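Counting from 1, position 8 in the sequence shown corresponds to residue 145 in this note's numbering; the numbering is continuous, with no gaps.
Glycine is no exception: its CB is placed at the ideal position from the N, C-alpha and C atoms.
Only a predicted model underlies this, so the values are computations on that prediction, with no experimental measurement involved.
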Amino acid sequence: MIMFFIETGLMQSLLIFFVRSWRDGDEWSRVWDMESAIDRILFSEAEIRGRLDELGAVITEDLRGKQLTAVVILHGGMILMADLLRRIQLPLKMDSLAVQSYHGGTESSGVLTFGNGMPDVRDRHVLLLDDILDTGRTLVGVREKLLTEGGAAGVSSCVLLSKRKNRAKEIEPDYVGFVMDDEFVVGYGLDYEGRFRNLPFIGVLDPSKLDGEEGE
Ligand code: IMP
Ligand code: MG
């Protein structure tokens with residue numbers, strides 16, 4: 138009798154294990170199916186890593202001695218923040234600011250919506266991080282807000298990507314990872330309607346190849 142329970146218990150565990158692995162495997166293949174909507178890879182994981190090594194070294198030298206707070210613009214800059222800050226060999230604080238300009242789609246709406254309040258940056262030097270510079274509205278708007286409302290002593294801005302185009306608001310970021318043509322890209326923090334942020338590379342999206350909602 139005991140042997141029967143042990144055996145069926147074991148059988149159950151094994152069954153659960155196999156069903157779970159099959160289900161999780163399926164989830165992952167759905168996530169990576171996203172890649173089929175990518176037209177081409179613009180910057181590979183290795184290229185991004187190499188460029189971040191360079192930026193980290195330059196920023197470490199430039200901002201040495203400052204009371205530094207890194208402020209990331211959510212959500213797009215999160216992955217840049219995680220990878221770049223580990224290459225900056227200085228004492229610093231981390232904070233974030235939620236800003237939206239796209240409100241879905243592939244065109245900036247031109248209206249900035251601020252969330253989650255103002256980081257405490259009074260009298261501190263801010264290293265402002267964003268994924269991409271497009272029309273310039275986000276970076277200019279956030280920079281202004283940090284200096285006037287936040288009372289920051291100074292702001293240095295860093296974007297991973299900068300689109301080559303005429304901007305609605307002119308700004309030259311202090312640090313730029315890569316300059317690129319005016320195309321819509323996803324991956325490495327950048328999204329299309331909330332998806333693709335977790336791709337480890339940056340790719341050009343072909344929206345016509347999208348196959349409906351996530352997980353369908
Ligand atoms: P800007 O205010 O027009 O400069 O827009 C900056 C914001 O728009 C970035 O922080 C991104 O969130 C978003 N964005 C601009 N271009 C792209 C793109 O090619 N892919 C995904 N998001 C983008
Ligand atoms: Mg953004």
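Give the secondary structure of E353 by DSSP, where H, G and I count as helix, E and B as strand, and everything else as coil.
Working through the sequence shown from its first residue, we reach residue 353 at position 216. Note that E353 scores a pLDDT of 37, beneath 50, so its modelled location is shaky; the value from the coordinates is reported in the next line. The three-state secondary structure of E353, taken from DSSP, is coil.
How would you label P127, buried or exposed, when you count the other beta carbons within 10 angstroms and need 16 or more for buried?
No answer is possible for residue 127: the residues shown for the chain start at 138 and end at 353.
Pairwise C-alpha distance: S173 and K346
By one-based count along the sequence shown, residue 346 stands at place 209. By one-based count along the sequence shown, residue 173 stands at place 36. Straight-line Cα distance between these residues: approximately 7 Å.
The region 181 to 189 in contact with the region 305 to 324 per 3-pair CB rule at 8 Å:
They touch, by the three-pair rule.
Going by C-alpha to C-alpha distance, which of V208, D176, E198, L189 sits closest to V292?
Your numbering for residue 292 matches position 155 in the sequence shown. Sorting V208, D176, E198, L189 by C-alpha distance to the C-alpha of V292 places V208 at the top.
Using the beta-carbon count (16 or more within 10 Å), is V195 buried or exposed?
Along the sequence shown, read from residue 1 onward, the residue named residue 195 stands at position 58. Within a 10 Å sphere around the beta-carbon of V195 sit fewer than 16 other beta-carbons, which makes this residue exposed.
K282, enclosing alpha helix (DSSP H) - first and last residue
Within the sequence shown, the letter at position 145 stands for residue 282. Element bounds for K282: 274 to 285.
Looking only at its own chain, which residues have a Cβ that is under 7 Å from the Cβ of V323, when we skip the five neighbours before and after it?
Counted from its first residue, the sequence shown places residue 323 at position 186. Counting only Cβ-Cβ distances below 7 Å, and skipping sequence neighbours, we find Y329, F333, L336, G340, L342.
Whole-angstrom Cβ separation of L297 and V279, contact assumed at under 8 Å?
Position 160 of the sequence shown, counted from the first residue, corresponds to residue 297. Position 142 of the sequence shown, counted from the first residue, corresponds to residue 279. Contact check for L297 and V279: beta-carbon distance about 16 Å, past the 8 Å limit, so the pair fails to qualify.
Pull up the distance between the alpha-carbon of E353 and that of R177, whole angstroms please.
Taking the first residue of the sequence shown as position 1, residue 353 is located at position 216. Taking the first residue of the sequence shown as position 1, residue 177 is located at position 40. With a pLDDT of 37 at E353, under the threshold of 50, the predicted position of this residue should be treated as unreliable, though the coordinate-derived value follows. Each residue's Cα considered, the two are about 24 Å apart.
Please report how far the alpha carbon of P228 lies from the alpha carbon of A219, in whole angstroms.
For the purposes of this step, residue 228 is taken as the residue at position 91 of the sequence shown. For the purposes of this step, residue 219 is taken as the residue at position 82 of the sequence shown. Our two residues, P228 and A219, have alpha carbons roughly 15 Å apart in a direct line.
Suppose you measure from the CA of G254 to the CA of E286; what does that come to, to the nearest Å?
Here residue 254 refers to the residue found at position 117 when the sequence shown is read from its first residue. Here residue 286 refers to the residue found at position 149 when the sequence shown is read from its first residue. Rounded to whole angstroms, G254 to E286 spans 11 Å at the Cα level.
For a test of your reading of the model: does the CB of D232 fall under 8 Å from any non-hydrogen atom of ligand 1? Yes or no.
Taking the sequence shown and counting its residues from 1, one reaches residue 232 at position 95. For D232, the Cβ stays outside the 8 Å cut-off from all heavy atoms of ligand 1.
Is E320 near ligand 1, in the sense that its beta carbon is under 8 Å from a heavy atom of that ligand?
For this step, residue 320 is matched to residue 183 along the sequence shown. Yes, the beta carbon of E320 sits closer than 8 Å to at least one heavy atom of ligand 1.
Note down, in chain order, each residue of its chain lying with its Cβ closer than 6 Å to the Cβ of K306, except the 5 sequence neighbours on either side.
Taking the sequence shown and counting its residues from 1, the one referred to as residue 306 is at position 169. Result list for K306: G273, R274, V277, in chain order.
Answer with buried or exposed for T136, where buried requires no fewer than 16 other C-beta atoms within 10 angstroms of its C-beta.
In this structure the chain extends from 138 to 353, so residue 136 is not present and cannot be described.
With 16 other CB atoms within 10 Å as the buried threshold, where does T206 fall?
Along the sequence shown, one-based indexing puts residue 206 at 69. The residue in question, T206, is buried, as its Cβ has 16 or more Cβ neighbours within 10 Å.
Could you check whether K282 and L234 sit closer than 9 Å to each other, using their CB atoms as the reference points?
Position 97 of the sequence shown, counted from the start, is the residue given in the question as residue 234. Position 145 of the sequence shown, counted from the start, is the residue given in the question as residue 282. Between L234 and K282, the CB-CB gap stays under 9 Å.
Classify P256 as buried or exposed, calling it buried when 16 or more other Cβ atoms lie within 10 Å of its own Cβ.
As a working mapping, residue 256 is identified with position 119 in the sequence shown. Buried is the call here.
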